[in-house]
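Asker: Position 82, counted from 1, in the sequence shown is what our numbering calls 81; the numbers after and before it change by one each time, with no gaps.
For glycine and all other residues, C-beta sits at the position ideal for the given N, C-alpha and C.
All values derive from a computational prediction rather than experimental measurement.
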Amino acid sequence: MANKKIIYTIGHSTHTTREFIQILKSFNIQLLVDIRHYPGSKYCPQFGKARLRRNLLRNKINYLHQVELGGRRHVEKGSLLNIGWRSLQFRGYADYMQTKEFKAALKELIKSCKEQTVAIMCAEAVPWRCHRSMVGDALIVNGFTVLDIFAKEKARPHALTTFAKVSGKKITYPL
0 MANKKIIYTI GHSTHTTREF IQILKSFNIQ LLVDIRHYPG SKYCPQFGKA
50 RLRRNLLRNK INYLHQVELG GRRHVEKGSL LNIGWRSLQF RGYADYMQTK
100 EFKAALKELI KSCKEQTVAI MCAEAVPWRC HRSMVGDALI VNGFTVLDIF
150 AKEKARPHAL TTFAKVSGKK ITYPL
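(1) Between which residues of its own chain and F19 is the CB-CB distance below 7 Å, once the five residues before and five after are set aside?
(2) Go to N54, then tell me how far its alpha helix (DSSP H) extends in each direction, as first and last residue.
(3) Can you list, in chain order, the residues of its chain whose CB lies under 6 Å from that of L159, leaving out five sequence neighbours each side?
(4) Give every residue of the same chain whose Cβ lies closer than 7 Å to the Cβ of L23, excluding the five residues on either side of it in the sequence, and list them in chain order.
(5) Between T161 and R50, what straight-line distance do the alpha-carbon atoms span, to the nearest angstrom?
(6) How far does the alpha helix (DSSP H) with R131 in it extend, from its first residue to its last?
(7) Going by beta-carbon coordinates alone, are A93 and Y172 separated by less than 8 Å?
(8) Taking the straight line between their C-alpha atoms, what separation do you get for K113 and R35?
(9) Quick one: Cα of K48 to Cα of Y7, how far?
(10) Rounded to the nearest angstrom, how far is the Cβ of W83 from that of L174, given a contact under 8 Å?
(11) For K163, tell me which candidate among F46, F89, K4, K110 has the shortest Cα-Cα distance.
(12) If distances are taken between C-alpha atoms only, which option among Q21, I170, T13 comes closest to T98?
(13) Please classify S86: is it buried, with 16 or more other beta-carbons within 10 angstroms of its beta-carbon, or exposed?
(14) Look at the alpha carbon of Y62 and the alpha carbon of N54, and state the distance between them as a whole number of angstroms.
(15) List the residues that DSSP assigns as beta-bridge partners of T98.
(16) By Cβ distance, which residues of its chain are closer than 7 Å to K168, with the 5 residues on each side in sequence left out?
(17) In whole angstroms, what separates the C-alpha of M0 from that of Q115?
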């Protein structure tokens, strides 16, 4: 049984399939949860959904596309809740984090961690340029240790965003 209180994050970046799988194996990842809203890559076709799934399964790593955790969200009209984010995309995702849909998707992700070692994946190499940093924040608030993978056998603990305001399990990003 996996350690249910640890979860990893990774960005596929421009890795080759072989490099990417070696990185995942170095952390004993059993399930890769794809949190890209659109699971494809024009520049790195090896990370298209079907091809990625096939290559992972060949290497005994399960794949799940969880679009409900995907980025590319819009700022809620009139919302001032998360104005600490300068980026409208990040602000939009932070607004989305307040919804029932996000909370249900996060609950499903947490459930997956009870049986397997899980990594969430998006495209960006570094987490602070990606919405997975906010998913990481939500996981920390839910009692997880979140480790951001940078290379084979190299990961760092994810730190809660400095301007995040936490109330129970609710996170906002005010000024």
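Answerer: From the atom records:
(1) Taking the sequence shown and counting its residues from 1, the one referred to as residue 19 is at position 20. Excluding sequence neighbours, F19 sits near H11.
(2) Along the sequence shown, read from residue 1 onward, the residue named residue 54 stands at position 55. Looking at the DSSP string, the run of the alpha helix (DSSP H) that includes N54 is 48–57.
(3) On the sequence shown, residue 159 is found 160 positions in, with the first residue counted as 1. So the list reads D136, I139, once near-sequence residues are dropped.
(4) Here residue 23 is taken as the residue at index 24 of the sequence shown, counted from 1. Cβ neighbours of L23 beyond the five flanking positions: L31, I60, A118.
(5) Here the question's residue 161 lines up with position 162 in the sequence shown. Here the question's residue 50 lines up with position 51 in the sequence shown. Answer to the nearest angstrom: the Cα atoms are 37 Å apart.
(6) Along the sequence shown, one-based indexing puts residue 131 at 132. It spans 131–140 - the alpha helix (DSSP H) in which R131 sits, taken as one unbroken run.
(7) For the purposes of this step, residue 93 is identified with residue 94 of the sequence shown, where counting begins at 1. For the purposes of this step, residue 172 is identified with residue 173 of the sequence shown, where counting begins at 1. Cβ atoms of A93 and Y172: closer than 8 Å.
(8) The residue given as residue 113 occupies position 114 in the sequence shown. The residue given as residue 35 occupies position 36 in the sequence shown. Those two C-alpha atoms are separated by around 22 Å.
(9) By 1-based counting over the sequence shown, the position of residue 48 is 49. By 1-based counting over the sequence shown, the position of residue 7 is 8. Distance between K48 and Y7, taken at the CA atoms: about 19 Å.
(10) Counting from one through the sequence shown, the residue named residue 83 turns up at place 84. Counting from one through the sequence shown, the residue named residue 174 turns up at place 175. In the sequence as presented, Trp is not what sits at residue 83; that position holds Gly. Correct: roughly 5 Å between the Cβ atoms.
(11) Looking up residue 163 in the sequence shown gives position 164. Here the sequence assigns Ala to residue 163, which means Lys is not the residue at that position. The option with the nearest alpha carbon to A163 is F89.
(12) As a position in the sequence shown, residue 98 is number 99, starting the count at 1. If we check each option's Cα against that of T98, I170 comes out closest.
(13) For this step, residue 86 is matched to residue 87 along the sequence shown. So S86 ends up on the exposed side.
(14) For the purposes of this step, residue 62 is identified with residue 63 of the sequence shown, where counting begins at 1. For the purposes of this step, residue 54 is identified with residue 55 of the sequence shown, where counting begins at 1. So the alpha carbons of these two residues sit roughly 10 Å apart.
(15) Locating residue 98 in the sequence shown gives position 99, counting from the first residue. Partner(s): none; T98 has no beta bridge.
(16) Here residue 168 refers to the residue found at position 169 when the sequence shown is read from its first residue. Cβ within range, chain order: V140, N141.
(17) Mapped onto the sequence shown, residue 0 falls at position 1. Mapped onto the sequence shown, residue 115 falls at position 116. In this predicted model, M0 has a pLDDT of only 49, less than 50, meaning its place in the structure is not dependable enough to derive any value.
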